[in-house]
Amino acid sequence: MLKVGKTLAAKKMDLNLKGKIAFISGSTSGIGFTTARILLEEGMKVYINGRKEETVNTAVTELKNTTESNEVYGIVADFRNPEEVMRLLQELPEIDVLVNNVGIYNSQSFFETTSKQWEEQFQVNLMSGVSLSNHCLQKMLCKKWGRIIFISSECAYLVPNDMISYSATKAAIHALSRGLSQLTRGTGVTVNTVVPGSTLSEGAKHFIADKAVKEGSNPKTVERDFFRKERTQSLLERFASTDEVATTIAYLCSPLSSATNGTVIRVDGGSTGSVF
Ligand SMILES: NC(=O)c1ccc[n+]([C@@H]2O[C@H](COP(=O)([O-])OP(=O)(O)OC[C@H]3O[C@@H](n4cnc5c(N)ncnc54)[C@H](OP(=O)(O)O)[C@@H]3O)[C@@H](O)[C@H]2O)c1
Numbered sequence: 001m002l003k004v005g006k007t008l009a010a011k012k013m014d015l016n017l018k019g020k021i022a023f024i025s026g027s028t029s030g031i032g033f034t035t036a037r038i039l040l041e042e043g044m045k046v047y048i049n050g051r052k053e054e055t056v057n058t059a060v061t062e063l064k065n066t067t068e069s070n071e072v073y074g075i076v077a078d079f080r081n082p083e084e085v086m087r088l089l090q091e092l093p094e095i096d097v098l099v100n101n102v103g104i105y106n107s108q109s110f111f112e113t114t115s116k117q118w119e120e121q122f123q124v125n126l127m128s129g130v131s132l133s134n135h136c137l138q139k140m141l142c143k144k145w146g147r148i149i150f151i152s153s154e155c156a157y158l159v160p161n162d163m164i165s166y167s168a169t170k171a172a173i174h175a176l177s178r179g180l181s182q183l184t185r186g187t188g189v190t191v192n193t194v195v196p197g198s199t200l201s202e203g204a205k206h207f208i209a210d211k212a213v214k215e216g217s218n219p220k221t222v223e224r225d226f227f228r229k230e231r232t233q234s235l236l237e238r239f240a241s242t243d244e245v246a247t248t249i250a251y252l253c254s255p256l257s258s259a260t261n262g263t264v265i266r267v268d269g270g271s272t273g274s275v276f
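Positions 1 to 276 (the working numbering) are the ones given, in order, by the sequence shown.
Spelled out as structure tokens, the structure:
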């Protein structure tokens with residue numbers, strides 16, 4: 001029995017994504033970057049994105065070196081800037097898979113969050129997905145195949161006191177994603193939402209460091225107390241790796257997930273605590 005189990009585990013699953021084209025917003029690091037790596041390993045052509053030429057070029061080089069694929073391209077665009085978003089949409093070729101991953105977050109009191117910060121978070125976290133989906137969905141519907149995946153957060157459910165604006169942007173994503181899925185009826189296009197729990201990306205490391213400064217503590221203590229005091233329902237009781245989240249995203253990108261549409265898949269380690 002053990003021998004059979006080992007053989008099965010060693011056999012890599014083919015996600016049937018070869019030759020398809022993906023765009024992942026905010027993907028020079030973190031969950032987006034790891035998703036790009038997995039999709040490249042599956043034989044896709046992948047367009048990644050970030051705000052700066054330097055980070056985009058570095059990520060493209062790293063992905064080429066680590067995957068032995070040359071089918072990775074970078075598009076520089078800051079989703080806070082509508083002109084850069086317009087340029088991105090002009091540069092973007094027709095794609096099969098859209099991963100609306102970009103999201104900005106920090107630890108901040110509601111009373112200290114300015115209108116400009118609220119607007120920026122909605123612009124980057126929600127409106128990026130609106131613009132990209134508006135650009136891509138119609139073409140996917142014409143082809144009768146496509147995948148749109150929105151990356152939400154456990155915060156859409158938990159609404160931590162220090163992340164109210166961020167949580168609001170993520171809750172809005174659920175309505176957007178469900179609404180778009182309703183436009184795909186009878187086609188091979190699907191639109192779904194992935195809900196990561198706390199995941200050890202570059203962004204999460206900055207979040208922890210920032211929280212440590214604000215609390216007069218240190219990152220190690222913040223990380224330990226985080227699951228004891230703030231993610232009390234977590235069954236994982238640790239940060240997930242970006243790989244643990246990106247494998248689920250890659251599955252939803254694939255033709256294998258064809259019966260999953262208009263729904264929410266949680267990769268939250270149990271942190272949201274609800275049964276449904
Ligand atoms: N990490 C977690 O614990 C966690 C938990 C739940 C949900 N999520 C969600 O998962 C997604 C990915 O998070 P992450 O933690 O992996 O990200 P991250 O490590 O913070 O990476 C952020 C990425 O987004 C890009 N980016 C930031 N602002 C941008 C902007 N205005 N325009 C274009 N690109 C921008 C960055 O690129 P440059 O620096 O090159 O510009 C970088 O590639 C987000 O939607 C986040 O809300 C994360």
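Idealized CB from N, CA, C, for every residue including glycine.
Counterpart residues of residue i in DSSP-defined beta bridges
{"i": "L150", "result": "Reading off the sequence, residue 150 comes out as Phe, not Leu. DSSP output for F150 lists N100 and T193 as bridge partner(s)."}
{"i": "K45", "result": "I21"}
{"i": "W118", "result": "Answer is none; W118 lacks a bridge partner."}
{"i": "A291", "result": "Because the chain spans 1 through 276 in this model, residue 291 falls outside it and cannot be assessed."}
{"i": "R266", "result": "V195"}
{"i": "V72", "result": "V46"}
Collapsed DSSP secondary structure at residue i in the structure displayed
{"i": "G129", "result": "helix"}
{"i": "V56", "result": "helix"}
{"i": "V275", "result": "coil"}
{"i": "Y105", "result": "coil"}
{"i": "V159", "result": "coil"}
{"i": "R228", "result": "helix"}
{"i": "G186", "result": "coil"}
{"i": "S258", "result": "coil"}
Supposed contact pair residue j and residue i - C-beta distance, whole angstroms, cut 8 Å
{"i": "L39", "j": "A250", "result": "6 Å"}
{"i": "L256", "j": "N16", "result": "6 Å"}
{"i": "A59", "j": "I75", "result": "With 8 Å as the limit, A59 and I75 do not qualify as a contact, their Cβ atoms being about 11 Å apart."}
{"i": "L236", "j": "G197", "result": "7 Å"}
{"i": "S271", "j": "S234", "result": "4 Å"}
{"i": "L252", "j": "V194", "result": "7 Å"}
{"i": "N106", "j": "D268", "result": "The Cβ separation is near 20 Å, so there is no contact."}
{"i": "I104", "j": "V124", "result": "5 Å"}
{"i": "G30", "j": "G273", "result": "About 24 Å separates the two Cβ atoms, so there is no contact after all."}
{"i": "F239", "j": "T199", "result": "6 Å"}
Cβ-based burial, residue i [other Cβ within 10 Å; buried from 16]
{"i": "G50", "result": "buried"}
{"i": "S165", "result": "buried"}
{"i": "N70", "result": "exposed"}
{"i": "K229", "result": "exposed"}
{"i": "L63", "result": "buried"}
{"i": "D147", "result": "Sequence check: residue 147 is Arg here, not Asp. Counting Cβ neighbours within 10 Å, R147 comes out buried, since at least 16 surround it."}
{"i": "E154", "result": "buried"}
{"i": "F23", "result": "buried"}
{"i": "D14", "result": "exposed"}
{"i": "K6", "result": "Unreliable positioning characterises K6 in this predicted model, as indicated by a pLDDT of 48, which lies under 50. The coordinate reading is nonetheless provided below. Per the 10 Å Cβ criterion, exposed."}
{"i": "F110", "result": "exposed"}
{"i": "N218", "result": "exposed"}
{"i": "K139", "result": "exposed"}
{"i": "V213", "result": "exposed"}
{"i": "E215", "result": "exposed"}
{"i": "S181", "result": "buried"}
{"i": "A175", "result": "exposed"}
{"i": "A320", "result": "The question about residue 320 has no answer here: the residues shown for the chain are numbered 1 through 276."}
{"i": "M86", "result": "exposed"}
{"i": "A77", "result": "buried"}
{"i": "N192", "result": "buried"}
{"i": "Q121", "result": "buried"}
{"i": "E119", "result": "exposed"}
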